[in-house]
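Here's the structure we're looking at; comments come further down.
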Amino acid sequence: MKNEKITTYAIIFVAALLLFNQYQLMSIQDLVSGGTGLVTKTKNSGVSLLGGKELSDVNIDDIGSTGHAIAALFPVEEIKTAQDAIDMMIPTGTPDYGEEMGVSYDDPVGSLEKLANAQRALLAGLSTEEKDRFLTLALKPVGISCEYCCGIGPVGIRNDGSSSCGCQHNPALLSLTMWLMQNTDYTDAEILKEVMKWKSIFFPKNMATLAMEVAGGDTSSLQDLRGMVGGC
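If you number the sequence shown the way the working numbering does, the last residue is 712 and the count never jumps.
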């Protein structure tokens, strides 16, 4: 009888966990459909790839996970196929700040190392205003972290701004965030979108799959994507 009760409780727990996960996914998909006003469907045909998303109305405070960030910053409602998800999330070429920063989407490993090595110096060089802005953004659960290689979740810094993980991916994403704050006029939403692009380069399978899940599509054909670029 005791074993039967334990089994029953276990079944109830698993069922509750599945329902919670489904609710989380539905809440993200609701963003895509315009349920909270974060994302508005466009009338354009075809995939906008890396552009085509109006970011001026994005409220960073409304983003509570990496999935929410993708839904808010990318036109995921246009994703119809696995290739659409790949094309939308994983950029190629060189960003407009790439030459000055010395990074390229096409050199993920070299860029990763350069970004990771700059993290401590960039943090030390932040003005009081810049550090406040950095902490305000990066301490939110918006996905500025190495959550797919080290499991630290969507927040990758401590309260003092230092990296909460010793891998390369986490400080690289933090460096990107700080450098863009110091050297461009990008808004927080624009900076976060760049972080999501680089995070997709570093973790192509996880990020493209998440975008496909947010769009409500079949993720099975993304299973052969590389899981991680660069070492930890």
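Backbone N, C-alpha and C fix where the C-beta goes; we use that ideal spot for every residue, glycine too.
Given the structure is predicted, the values throughout are model-derived calculations rather than measurements.
query                                                                                                                                              : result
Rank 637, 681 and 548 by C-alpha distance to the C-alpha of residue 619 and give the top, closest one.                                             : 637
For residue 637, name the three-state secondary structure that DSSP assigns.                                                                       : strand
Please name the residue or residues paired with residue 624 in a DSSP beta bridge.                                                                 : 635
Are the beta-carbon atoms of residue 585 and residue 664 separated by less than 9 Å?                                                               : no
Buried or exposed: where does residue 700 fall if 16 or more other Cβ atoms within 10 Å of its Cβ makes it buried?                                 : exposed
Between the region 664-678 and the region 535-547, do three or more beta carbon pairs fall short of 8 Å?                                           : yes
Can you look up residue 643 in the DSSP assignment and give me helix, strand or coil?                                                              : strand
Starting from residue 685, follow the alpha helix (DSSP H) in both directions and report where the run begins and ends.                            : 684-695
Give the straight-line distance between the Cα atoms of residue 653 and residue 641, rounded to the nearest whole angstrom.                        : 12 Å
Compare the Cα-Cα distances from residue 626 to each of 644, 639 and 658 and report the closest residue.                                           : 644
Buried or exposed: which applies to residue 579, given that a residue is buried once 16 or more other Cβ atoms fall within 10 Å of its Cβ?         : exposed
Does residue 566 come out as helix, strand or coil in the three-state DSSP assignment?                                                             : helix
Under 8 Å by Cβ, that's how I've got residue 540 and residue 669 pegged, so tell me the actual separation to the nearest angstrom.                 : 6 Å
Going by DSSP in three states, residue 559 sits in which element: helix, strand or coil?                                                           : coil
How many Å lie between residue 570 and residue 609 at the Cα?                                                                                      : 32 Å
With distances taken Cα to Cα, identify the nearest neighbour of residue 603 among 555, 660 and 558.                                               : 660
Do you know how far the Cα of residue 581 is from the Cα of residue 666?                                                                           : 15 Å
So the candidates are 650, 696, 709 and 536; which of them puts its Cα closest to the Cα of residue 561?                                           : 696
Would DSSP call residue 572 helix, strand or coil?                                                                                                 : coil
What separation, rounded to the nearest whole angstrom, lies between the Cα atoms of residue 611 and residue 648?                                  : 21 Å
Can you round the beta-carbon distance between residue 622 and residue 672 to whole angstroms, since I take them to be within the 8 Å contact cut? : 6 Å
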